[in-house]
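Top to bottom, those sequences are chains G and F. Read in the working numbering, the first sequence has 412 at position 3, and its numbers run on one by one without any break. Read in the working numbering, the second sequence has 255 at position 111, and its numbers run on one by one without any break. Don't be surprised by glycine CBs; every beta carbon is placed ideally from N, CA and C. Remember, it's a predicted structure, so these values are computed and weren't measured experimentally.
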Amino acid sequence: MTGALGIYNYWIYVVLMMIGLYGVIAKPNLIKQAIALGLFQTGIFLYYISMAVVDGGTAPVWTTILDGAQKYEGPYDNPLPHVLILTAIVVSVSVLAVALALIINIKRAYGTIEYDEIEAMDQADKRADYLRGQVTDAADDVEHKQEGHHHA
Amino acid sequence: MLDAFELVPNLPVLVVTTPLIGGVLTIAMGRGKGPWAWATLITGVVFYFTVLLMQQVLAAKTGYISYELGNWPRQWGIEYRVDALNAFILLTVAGVGFVTTLYAQKSVEKEIPQDRHNFFYAVWVLAICGLLGITVTGDAFNVYVLLEISSLTVYALIAMGKDMNRQALTASLRYLILGSVGASFILLGIGYLMMVTGTLNMEDMHDRLAALPDIVHHRTVLVAFAFLLCGLGLKMALFPLHMWLPKAYTYAPSAVSALLSATATKVGIYMAFRFLFTIFGVGFSFVAMPANLVLSVAACAGILVTGVTAVRQTNLKRMLAYSSVGQLGYIVAGFSLANVHGVAGSVVHIFNHAMMKGGMFMAAGAIMYRLGRCDLRSIRGLGKRMPLTMAAFVAGGLGLVGFPLTAGFISKWYLVQGALEAPHMWPVAAVVLVGSLLAVAYTWRVVEAAYFQEPEGESALVTEAPLSMVAPMWILIGASVYFGVSATFTGEISMRAAKSLLGGAP
Chain G
410 MTGALGIYNY WIYVVLMMIG LYGVIAKPNL IKQAIALGLF QTGIFLYYIS MAVVDGGTAP
470 VWTTILDGAQ KYEGPYDNPL PHVLILTAIV VSVSVLAVAL ALIINIKRAY GTIEYDEIEA
530 MDQADKRADY LRGQVTDAAD DVEHKQEGHH HA
Chain F
145 MLDAFELVPN LPVLVVTTPL IGGVLTIAMG RGKGPWAWAT LITGVVFYFT VLLMQQVLAA
205 KTGYISYELG NWPRQWGIEY RVDALNAFIL LTVAGVGFVT TLYAQKSVEK EIPQDRHNFF
265 YAVWVLAICG LLGITVTGDA FNVYVLLEIS SLTVYALIAM GKDMNRQALT ASLRYLILGS
325 VGASFILLGI GYLMMVTGTL NMEDMHDRLA ALPDIVHHRT VLVAFAFLLC GLGLKMALFP
385 LHMWLPKAYT YAPSAVSALL SATATKVGIY MAFRFLFTIF GVGFSFVAMP ANLVLSVAAC
445 AGILVTGVTA VRQTNLKRML AYSSVGQLGY IVAGFSLANV HGVAGSVVHI FNHAMMKGGM
505 FMAAGAIMYR LGRCDLRSIR GLGKRMPLTM AAFVAGGLGL VGFPLTAGFI SKWYLVQGAL
565 EAPHMWPVAA VVLVGSLLAV AYTWRVVEAA YFQEPEGESA LVTEAPLSMV APMWILIGAS
625 VYFGVSATFT GEISMRAAKS LLGGAP
């Protein structure tokens, strides 16, 4: 396989990433957003692993140690990206753990995990605060007017 | 005595390992004042280390210190590399980290339940560890790992504000999602660069990129550049990618807002320095690629839009958050000029803004401590009730304006000079001046409320914040005034950093 199809891993990585990005942006459900974030990062793992491939290469393991007889001299796949992505997987799991912990706390505080409902509740809180402010403001005005009267 | 422990040669790595181990141990420090005292000790020691490191760098003949972890040569292992720029940022982060830890005690006592203090300080120290790590390392993948250490801990720190307002949770989650997308873009960019260069060491990357023929049309390099620029933009809250920042800074615990505003986005900008100047080089980033245009337009739009938004805010912390995005705009506009004065202005403003904004967030936190809120209404008449706090806020505000004899004036002096020297970049100078007027407007709203209106309700009864909050606040504000009057040290360091950045090698 050659040409654009020959590097199909890279196509899959791009598609996975875009599905993830779409989910993060478009899904109002916070759990779905977390899943989408996971997909997005998985795409990147696939990219790193694909990058490590060497034509005709095998796993970078010294076979003499395994069977004691023959030693493979051929090219090995680059192990460095594999190691890097092991770290990145740990990071991604931690991000997911923190995200889920936050979502549990959000569920406790708001009673929902739908982003638009949460947004509406925050707006309502804000309006309530504002109205409280207005009330004090109005009271202020009355006081000032009365003061004005007295002076007059 | 120091050499007996081989401290000095191992300083670059001690700056990271001390808070890493110390941070984890914080959890075991009990429920009382133990965690706070331990965190103060650790951050104090780290601050001392960064001061020593600064002396070492200034004394080094080559202008930098290279430290290979575990004695692995830099082609295979991780190299920590400290030059004038890192040393200066390290000093800023560790210094602000130490002072905000001192400040945090009372504020955290009030805002976070007692049984979570040990976890809070553990995460706090680890966040500082991540930020210092990003700054000290010379390895591109190490940057990503430490970036995630700092990001994860910062998400947790912001969410700790949930007992004051539940919006801290949504703010934190939003930052988590955007921050992770940004960090993933950075990871992808690093991957593409590794594909082309076969190395992760920043210096080697630069050398091998420079050796590529026709780099401007090398598609992999271009993709790497685009991903990195996007990811860094998200991480440093460059307008219009700043949407996560205002809510996060508003609802985070006050001490956390002070720490983050002074350090987190600054380290993002430091990463931009490393990627754009050290790895890609000025010739590629700013001459072959239109990064200067993209960055300066985004930065200038940011200064104006967030300036206007800040004027319209009534919550002090939110006002400061928007103002922070605007101030980051100055820093980005400075280095996008890609000349010595512009970059030096940018470096010096990282330091100056950390002092001023850190101090102002501390003042807002002190008001929160006394009143439980910090909107324009509740600060009416506070000029008389909390004179030291309000004076600190105003002094910081004057710095943001760029009033002579404050640190902000020095930064803007460099920036305007840089903008006038660069061809066709005079609009940047104009925007810097208009931005200053906007800073006058929002600072004035606070001055008017605090000094020209009568206190009402409980505001009439409050007293000055405790000394343990006022003193750290004035250390930062005092530093911003001191380095405004005598800018020799900060000016020389930033000029040196700027010259080495523009020269290619750090």
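Could you check what DSSP says for residue i in three-state terms: helix, strand or coil?
i              : result
N438 (chain G) : strand
N496 (chain F) : helix
V431 (chain F) : helix
E150 (chain F) : coil
D546 (chain G) : With a pLDDT of 39 at D546 (chain G), under the threshold of 50, the predicted position of this residue should be treated as unreliable, and no value is reported.
T170 (chain F) : helix
T467 (chain G) : strand
D486 (chain G) : coil
T364 (chain F) : helix
E598 (chain F) : coil
V226 (chain F) : strand
D519 (chain F) : strand
T194 (chain F) : helix
T341 (chain F) : helix
S630 (chain F) : coil
To the nearest angstrom, how far is it from the Cα of residue i to the Cα of residue j?
i              : j              : result
A561 (chain G) : P257 (chain F) : Because the pLDDT of A561 (chain G) is 34, which lies under 50, any placement of that residue in the model is unreliable, and the question is left without a value.
M145 (chain F) : G188 (chain F) : Only weak support is given to the placement of M145 (chain F): the predicted model assigns it a pLDDT of 49, under 50, and the value that follows is read from those uncertain coordinates. Going from the Cα of M145 (chain F) to the Cα of G188 (chain F) covers about 19 Å.
W268 (chain F) : A583 (chain F) : 30 Å
M415 (chain F) : G335 (chain F) : 16 Å
V629 (chain F) : W588 (chain F) : 23 Å
P650 (chain F) : L234 (chain F) : Any reading at P650 (chain F) needs caution, since the residue's pLDDT is 39, under 50, leaving its predicted position unreliable; the model's value is listed next. Looking at the two C-alpha atoms, the distance is approximately 15 Å.
Q457 (chain F) : M463 (chain F) : 5 Å
L320 (chain F) : G176 (chain F) : 30 Å
T533 (chain F) : A615 (chain F) : 10 Å
A271 (chain F) : M387 (chain F) : 21 Å
F596 (chain F) : S580 (chain F) : 23 Å
G502 (chain F) : D358 (chain F) : 45 Å
G236 (chain F) : F495 (chain F) : Checking the displayed sequence, the identity of residue 236 (chain F) turns out to be Thr instead of Gly. In a straight line, the C-alpha of T236 (chain F) is about 6 Å away from that of F495 (chain F).
T314 (chain F) : I515 (chain G) : 7 Å
K391 (chain F) : A312 (chain F) : 8 Å
F505 (chain F) : L404 (chain F) : 10 Å
V502 (chain G) : I512 (chain G) : 15 Å
F369 (chain F) : G326 (chain F) : 14 Å
S480 (chain F) : G473 (chain F) : 10 Å
Just to confirm, is the Cβ distance from residue i to residue j under 9 Å?
i              : j              : result
F242 (chain F) : T184 (chain F) : yes
L353 (chain F) : V340 (chain F) : yes
A284 (chain F) : L344 (chain F) : yes
A539 (chain F) : V625 (chain F) : yes
G562 (chain F) : F553 (chain F) : no
Y265 (chain F) : M613 (chain F) : no
F537 (chain F) : V449 (chain F) : no
I522 (chain G) : L439 (chain G) : yes
A399 (chain F) : G509 (chain F) : yes
L559 (chain F) : F421 (chain F) : no
L317 (chain F) : A445 (chain G) : no
L169 (chain F) : F193 (chain F) : no
V590 (chain F) : I637 (chain F) : no
So residue i contacts chain G; which residues on that side make the cut at Cβ distance below 7 Å?
i              : result
F285 (chain F) : L493
R218 (chain F) : Near R218 (chain F) there are no residues of chain G at all, since even the closest Cβ is about 14 Å away, more than 7 Å.
I330 (chain F) : Under the 7 Å cutoff, chain G gives no residues; its nearest Cβ is about 10 Å from I330 (chain F).
L296 (chain F) : S503, V504, V507
State the start and end residues of the unbroken alpha helix (DSSP H) segment that holds residue i.
i              : result
Y414 (chain F) : 398–417
D348 (chain F) : 346–355
R713 (chain F) : Summary: the structure shown does not reach residue 713 (chain F), with chain F confined to residues 145 through 650, and so no result is reported for it.
G552 (chain F) : 551–565
Taking residue i as the query, report the chain F residues whose CB atoms sit under 8 Å from its CB, ordered along the chain.
i              : result
I444 (chain G) : Per Cβ cutoff of 8 Å: no residues; I444 (chain G) is ~12 Å from chain F at best.
D531 (chain G) : Q311, T314
M460 (chain G) : G335, M338, M339
For residue i, which residues in chain F fall below 7 Å Cβ to Cβ?
i              : result
Y431 (chain G) : Ordered by position in chain F, no residue passes the 7 Å Cβ test against Y431 (chain G), which lies about 12 Å from the chain.
T496 (chain G) : V289
Y417 (chain G) : Simply none; closest approach about 17 Å.
Give the interface partners of residue i over in chain G, defined as CB-CB distance under 9 Å, in chain order.
i              : result
Y299 (chain F) : V504, V507, A508, L511
A303 (chain F) : V507, A510, L511, N514
How far does the beta strand (DSSP E) with residue i in it reach, from first residue to last?
i              : result
V606 (chain F) : Taken as a continuous stretch (DSSP letters only), V606 (chain F) belongs to no beta strand (DSSP E), as it is neither H nor E.
R456 (chain F) : Careful: R456 (chain F) lies outside any beta strand (DSSP E) and carries neither H nor E.
E292 (chain F) : Taken as a continuous stretch (DSSP letters only), E292 (chain F) belongs to no beta strand (DSSP E), being part of the alpha helix (DSSP H) at 284–303.
I209 (chain F) : 208–212
Could you work out which residues of chain G lie near residue i, taking near to mean beta carbons separated by less than 8 Å?
i              : result
E212 (chain F) : What E212 (chain F) touches in chain G: nothing, since even the nearest Cβ is about 17 Å away.
V717 (chain F) : Nothing in the structure corresponds to residue 717 (chain F), since chain F is present only between 145 and 650.
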